[in-house]
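Reviewing the structure listed below.
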Amino acid sequence: MTGEWHRPSLGKRLKIRSMVTMAGEVLPFFWPMRNFIHHNPLHGLEHLPFEQAVAEASHLFHAQGYLKRTDYQRLMERGSIEPEVVQELVAEFVADWLAKHDSTDDRELAQLLQRCLEAMLTRMSQPAPGDDVPAPQEVLAGMRRNP
76 MTGEWHRPSL
86 GKRLKIRSMV
96 TMAGEVLPFF
106 WPMRNFIHHN
116 PLHGLEHLPF
126 EQAVAEASHL
136 FHAQGYLKRT
146 DYQRLMERGS
156 IEPEVVQELV
166 AEFVADWLAK
176 HDSTDDRELA
186 QLLQRCLEAM
196 LTRMSQPAPG
206 DDVPAPQEVL
216 AGMRRNP
């Protein structure tokens, strides 16, 4: 009977289907999002602001909403994230922050904030859980490192 195919019994087929289903349950559906996917993990949360939707989805799915800072830094080193884009986004954030704090005409403060934030994002490691904001010495050391 070489070359003949025999259909497995119903019990065998159900066992295989059950094993495949169980194996699929250990795989996360879409977290973390490092690549394009077809499913929107924020589906049903579109009515919320983006940051709030990510926080809610992280809570619901027991997932990490963003990559670690070191992952973003690696992507920057590889050229997947352009430093100019980070600089533009930080500048936008600083401008918004200064506007909220009535300091829009303080160029020195704006430049210092920009340099501090860029150093924290691109040259400092991820803070440990429970850590407060970095100490001034840590920020200065990060600012002195070469980009």
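Using the numbering used here, the letters of the sequence shown map in sequence onto residues 76 to 222. Idealized CB from N, CA, C, for every residue including glycine. On a predicted model such as this, the values are computed, not experimentally measured, just so you know.
Endpoints, alpha helix (DSSP H) assigned at residue i
i: E126; result: F125 to F136
i: Y141; result: Neither: Y141 is in no alpha helix (DSSP H) and is coded neither H nor E.
Contacts around residue i, its chain only, beta-carbon distance under 8 Å, and the 5 residues preceding and following it disregarded
i: R184; result: A small correction: the amino acid at residue 184 is Leu; Arg does not occupy that position in the sequence shown. Taken in chain order, the residues that qualify are L173 and S178.
i: D181; result: L173
i: P83; result: I91
Where residue i sits in the DSSP three-state scheme
i: M199; result: coil
i: I172; result: For the sequence presented, residue 172 should be read as Trp rather than Ile. In the structure shown, W172 sits in a helix (DSSP, three-state: H, G or I).
i: I91; result: helix
i: R82; result: coil
i: L150; result: helix
i: E193; result: helix
i: L187; result: helix
i: P116; result: coil
Exposed unless 16 or more other CB atoms sit within 10 angstroms - verdict on residue i
i: L192; result: buried
i: L188; result: buried
i: A98; result: exposed
i: V160; result: exposed
Supposed contact pair residue j and residue i - C-beta distance, whole angstroms, cut 8 Å
i: L117; j: A132; result: 6 Å
i: G140; j: A130; result: 6 Å
Chain-order list of residues whose beta-carbon lies under 7 Å from that of residue i (same chain, five-residue window excluded)
i: H176; result: none
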